[in-house]
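Those protein sequence lines, which keep their order, are chains A and B.
For the first sequence, our numbering assigns the number 5 to the initial residue and increments by one for each residue that follows.
For the second sequence, our numbering assigns the number 34 to the initial residue and increments by one for each residue that follows.
A short worksheet on the structure shown next.
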Amino acid sequence: MEERELVRLAQQGDKESFGLLVKKYEKKVFSLAFQFTRNAAVADDLAQEVFIKAYFGLPRFKGQSEFGTWLYRIGVNHVKDYLRKKPKELSLEIVPEDRSPQVDTLAEEQEARKNEQRRAVVMVCLQELPLKHRVILTLRDIEGLSYDEIARALKISAGTVDSRLFRARQSLRKRVNAFLNKERRTS
Amino acid sequence: MTCRQSERMMLRARDGRLAAPDTESLEAHLRQCPQCRRLGEDYRSLFLALAPAGAPPHRTVAWEQLRTRIEEREAEALRPEYQRWALKVIPAAVALALLIGSASLLFSPRPASEYTPSEELLLRNTNPLVEARTILEQKRLEDKSMMLIFASNEGGLSRRR
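Put into structure tokens, the structure is as follows:
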């Protein structure tokens with residue numbers, strides 16, 4: 005069945021059709037929530053709440069954009085609300101991922117550890133950025149959305165995406181460098 | 034080209050949004066500017082750190098649980114208005130009644146004594162006739178009359194009900 009038809013049936017209260025839409029977009033919505041929170045359990049809850057909001061918002065969906073884009077916008081707004089309420093809690097939840105490749109030599113092991121530390125620093129600095137910078141960086145550099153997709157999700161122009169992204173990246177780079185320089189001086 | 038322009042172009046180039054002539058002038062600038070090359074390195078390691086390590090953990094939304102939550106909210110929305118109000122008003126009314134009850138207990142006047150002054154004096158093992166004797170022993174008639182009047186007034190106020 006076509007997505008448009010599923011949406012139409014879901015708008016009439018057919019939960020099975022909505023269930024099929026959930027199935028189709030669950031990965032995308034969960035991934036969005038996870039990239040912002042880095043916590044699978046929290047991302048699970050957020051994803052569920054996004055779908056509940058979407059279900060009750062269906063009567064307002066006029067089909068002017070793709071259902072996926074509309075859903076993604078609900079997701080971004082919901083995650084932003086969550087982050088506004090719980091920024092401190094999240095900053096404590098950063099757990100470095102185990103992403104070190106198979107290393108053979110001591111030098112490679114040291115390099116991998118250094119990269120891992122840098123990644124942890126970058127993630128901490130990312131969480132300290134203003135919310136709008138954090139959102140745009142996550143959407144572009146972590147989620148990998150195109151400028152147009154970001155523009156649609158945030159309801160801003162592509163030009164605003166360009167300038168905001170530039171300022172966000174610049175700000176993150178400066179923060180990371182300041183953090184690392186401070187650390188070097190103290191050690 | 035200034036270093037600030039170069040920084041902006043580096044980031045545009047990374048996103049594949051830099052026109053060919055600009056790419057050439059950026060490369061030319063980078064060849065002669067070690068500061069911008071260092072900046073480019075900073076950005077490269079920043080993007081490396083930001084890039085996801087792989088796909089996020091695969092999770093599926095528990096549809097049955099989601100469906101239950103949706104149905105609960107639908108039922109909540111369909112519940113008659115007065116029932117929703119009742120759920121809020123009943124606890125508030127109970128709390129108010131408790132508050133008023135405890136306040137009335139706390140501030141209610143104490144019960145008036147059930148004994149006359151003479152009985153109270155007897156209960157305290159004190160002679161009630163001392164006062165009467167004092168009145169009777171007055172030499173001047175006016176004083177005696179006045180004291181009798183005052184004593185009778187006091188007795189009248191606390192007469193047994």
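The beta carbon of each residue, even a glycine, is placed where N, CA and C say it ideally should be.
Can you say whether residue 127 of chain A is buried or exposed, counting buried as having 16 or more other CB atoms within 10 angstroms of its CB? buried
Measuring alpha carbon to alpha carbon, tell me which residue in A/14, A/85 and A/83 is nearest residue 100 of chain B. Closest option to residue 100 of chain B, Cα to Cα, is A/14.
What is the DSSP secondary structure of residue 94 of chain B, counted as helix, strand or coil? coil
With 16 other CB atoms within 10 Å as the buried threshold, where does residue 99 of chain A fall? Only weak support is given to the placement of residue 99 of chain A: the predicted model assigns it a pLDDT of 46, under 50, and the value that follows is read from those uncertain coordinates. By the neighbour-count rule (16 or more Cβ atoms within 10 Å), residue 99 of chain A is not buried but exposed.
Are the beta-carbon atoms belonging to residue 73 of chain B and residue 42 of chain B less than 7 Å from one another? Contact: no.
For the alpha helix (DSSP H) that residue 142 of chain A lies in, which residues bound it at each end? No alpha helix (DSSP H) contains residue 142 of chain A, which DSSP labels as neither H nor E.
Residue burial classification, residue 167 of chain B (beta-carbon count within 10 angstroms, cutoff 16): Result: exposed.
I want to verify the contact list: residues of chain B whose CB lies under 8 Å from the CB of residue 26 of chain A, in sequence order. Chain B residues near residue 26 of chain A: 94, 96 and 99.
Member of A/134, A/65, A/178 and A/34 whose CA lies at the smallest distance from the CA of residue 93 of chain B: A/34
In chain order, what residues of the same chain have a beta carbon less than 7 Å from the beta carbon of residue 175 of chain A, not counting five sequence neighbours either side? 133 and 137.
Measuring CB to CB, does residue 47 of chain A end up less than 7 Å from residue 37 of chain A? For the pair residue 47 of chain A and residue 37 of chain A, the CB atoms are nearer than the 7 Å cut-off.
For residue 186 of chain A, the three-state DSSP class (helix, strand or coil): helix
Residue 76 of chain A beta carbon less than 7 Å from that of residue 157 of chain A: One thing to note: residue 157 of chain A has its Cβ within 7 Å of the Cβ of residue 76 of chain A.
Between the region 60 to 70 of chain A and the region 111 to 124 of chain A, do at least 3 Cβ pairs fall closer than 8 Å? no
Distance cutoff 7 Å, beta carbons only. Does residue 126 of chain A sit that close to anything in chain B? yes
Bounding residues of the alpha helix (DSSP H) (the contiguous stretch that carries residue 59 of chain A): From DSSP, the alpha helix (DSSP H) with residue 59 of chain A extends over 44 to 61.
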